[in-house]
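What follows is a set of notes on a single structure, which appears directly below.
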Amino acid sequence: MFALLKSRNIPSLFGISLFVGMMAAGYYYNLTFVQLGLEDLGTRLLRLSATAVARDMALLALLTCVIALAFGRWMTRQGWGRRFRRKMQLSFGVIVLQSALTFMSAWLNSETAFLLWLAGVSFALGVGVPVMFSLTTDLVPVRWRGWAATLVTALAYFAAAAFSGEWRFETFRQISLLLLLAGLPAIGLLAFLRHPWLDALAAQHLRPEFAIGRFTRGGVARKQFFGFIIAMFGIYFVDSLGFLRLLKTPLYMQSAWQSPDFDIRLFIAATHVVGAMAAGALYTSLRLRPLFLWVVGIFALTHLQYSFHIRVEAESGVLSMPMLYALAVSLYTVLNFAIWADLSTPDTIPFNAALGVALSGWMATFLSTGLAIAWSGHLSLERHIQVVDSLAMLFFLALLVFAFLPSRKTEAA
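Numbering (our numbering), first residue to last: 1 to 413.
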């Protein structure tokens, strides 16, 4: 960033800032309002059963995934991966739809209305995934993608951890609506305005430092690409399956993410930032296999801590547990925001981003969300966390075995 300022390359600096701002706001919206707020809406306000909410969240995941894959495929066939202005116009349309749906959510009063509304949410999210993630090849040079992902992760998690306050649907709706309405006019101007800076950004994908992803040199085998999808799916699945149950446990929430003490929430938010910075350094320096081992290994250690803490029946939380959790979450989030563009070119980024984010992110997150909700009435906390811990350790050992297999040259940094 300092190099861009020194060289007075203001358009590129503006493009990176635009990407970071859009993705951080979008991730905050999905993290708070969609994942946490909708579950609270269904159970507390609509008084739906845990089974009904789990089923509805699974439908949201499936429909979002299908729409993302279909639209990502359509964008690839139309060559829209190279059309910066078209992607900005589609982003504006997505934000308009999300703003309208967020505003309308306060008047939902039945499961039928909730399901119809979820269909609209799925459409907005499904279109938004390939559109916004494909902006990476237009706005962020390959060498800085890890650090751009660091800024996205740090901003989103810092805001979510420090300033979200009470984790209720009404709170998330208010903050998200303000965020969407604040960004709407700015994105609208950028989508339809003609300006030399925007012309420069629209041509950046033609330059090798933007077009040739870090892991596309020499070609990326399809089997290898789907291996990364499976790895990210496992990470998201384990994370959501464990965290959604911890969310229902006052001992772990009131001493950490929902603590009345702002200093504790600020400490967790700062840990997210430190974790994101570490992830940016690791992503820039290491190959993918060690990166995945870092992420899954820390998750396995985190859930081991919670398992031990539950077994000894401690009466107070330990701050090291959410601290380690925050580090692990920041690591995999940075990886998710950078890896799909680095496995793609401007021609393949829409569909590859849809495959990566929709299958490994949305599908895993909301399937595990639905499963966690369904298990909450049948499994004890100790048993639930033991299952999550077992999955994390099994996944880590599988990756450890995979790490000893011969490595492709394209995986090198």
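Backbone N, C-alpha and C fix where the C-beta goes; we use that ideal spot for every residue, glycine too.
A Cβ-Cβ distance of about 7 angstroms is found for the pair Ala-231 and Leu-399, placing them in contact under the 8 angstroms criterion. Under the DSSP assignment, Met-363 falls outside any alpha helix (DSSP H); it carries neither an H nor an E label. In this structure the segment 52 to 66 touches the segment 124 to 137; the number of beta carbon pairs closer than 8 angstroms is three or more. Scanning its chain for C-beta atoms nearer than 6 angstroms, with the 5 sequence neighbours on each side dropped, one finds around Gly-72 the residues Pro-130, Pro-350, Phe-351, Ala-354, in chain order. Nearest to Phe-395 by C-alpha distance, out of Leu-286, Pro-346, Phe-237, is Phe-237. As the crow flies, the alpha-carbon of Gln-254 is around 14 angstroms from that of Arg-245. Distance between Val-357 and Trp-144, taken at the CA atoms: about 20 angstroms.
When C-alpha distances from Pro-322 are compared across Ala-211, Leu-13, Gly-242, the shortest belongs to Gly-242.
Between the C-alpha atoms of Asp-389 and Pro-11 there is a straight-line separation of about 46 angstroms. The Cβ neighbour count for Ser-110, taken over all protein chains shown within 10 Å, is under 16; the residue is labelled exposed. For Gln-98, the number of other beta carbons within 10 angstroms of its own is at least 16, and it is reported as buried.
Separation of the CB atoms of Leu-331 and Trp-294 is rounded to 6 angstroms, and the pair is thereby assigned contact status at 8 angstroms. In this structure Phe-172 is in contact with Gly-37, their Cβ atoms being roughly 4 angstroms apart against a cut-off of 8 angstroms.
The beta carbon of Leu-391 is closer than 7 angstroms to those of Val-238 in its chain, skipping five residues each way along the sequence. Around the CB of Gly-377, fewer than 16 other CB atoms lie within 10 Å, so the residue is classed as exposed. Between Met-277 and Ala-154, the CB-CB gap stays under 9 angstroms.
Secondary structure of Arg-85 (DSSP, three-state): helix.
Contact fails between the segment 112 to 121 and the segment 298 to 309, because fewer than three Cβ pairs, one in each stretch, are under 8 angstroms apart. Per DSSP, reduced to three states, the secondary structure at Gln-258 is coil, with no helix or strand assignment. In terms of Cα proximity to Leu-198, the closest of Leu-18, Phe-114, Ala-70, Ile-175 is Leu-18. Less than 9 angstroms separates the beta-carbon of Leu-367 from that of Ala-61. By the beta-carbon neighbour count (other beta carbons within 10 angstroms, threshold 16), Arg-265 is buried. Ala-68: member of the alpha helix (DSSP H) spanning 50 to 78, first to last residue. Annotated three-state conformation of Glu-166 is coil, per DSSP.
Pairing Tyr-27 with Thr-333 gives a Cβ-Cβ distance under 9 angstroms. Non-local beta-carbon contacts of Leu-291 in its own chain, meaning distances under 7 angstroms to residues more than five positions away in sequence, involve Leu-282, Tyr-283, Leu-335 in chain order. Here the C-alpha atom of Phe-114 lies approximately 46 angstroms from the C-alpha atom of Arg-207. The residues Trp-117, Gly-120, Val-121, Ala-124, in chain order, have a CB closer than 7 angstroms to that of Leu-101 in the same chain once the five nearest residues on each side in sequence are set aside. Arg-82 and Pro-346 have their alpha carbons spaced roughly 6 angstroms apart.
The DSSP-derived three-state label of Leu-151 is helix. A check of alpha carbon separations from Met-132 across Ile-235, Ala-374, Lys-87, His-195 identifies Lys-87 as the nearest.
Judged by DSSP in its simplified three-state form, Glu-111 adopts helix.
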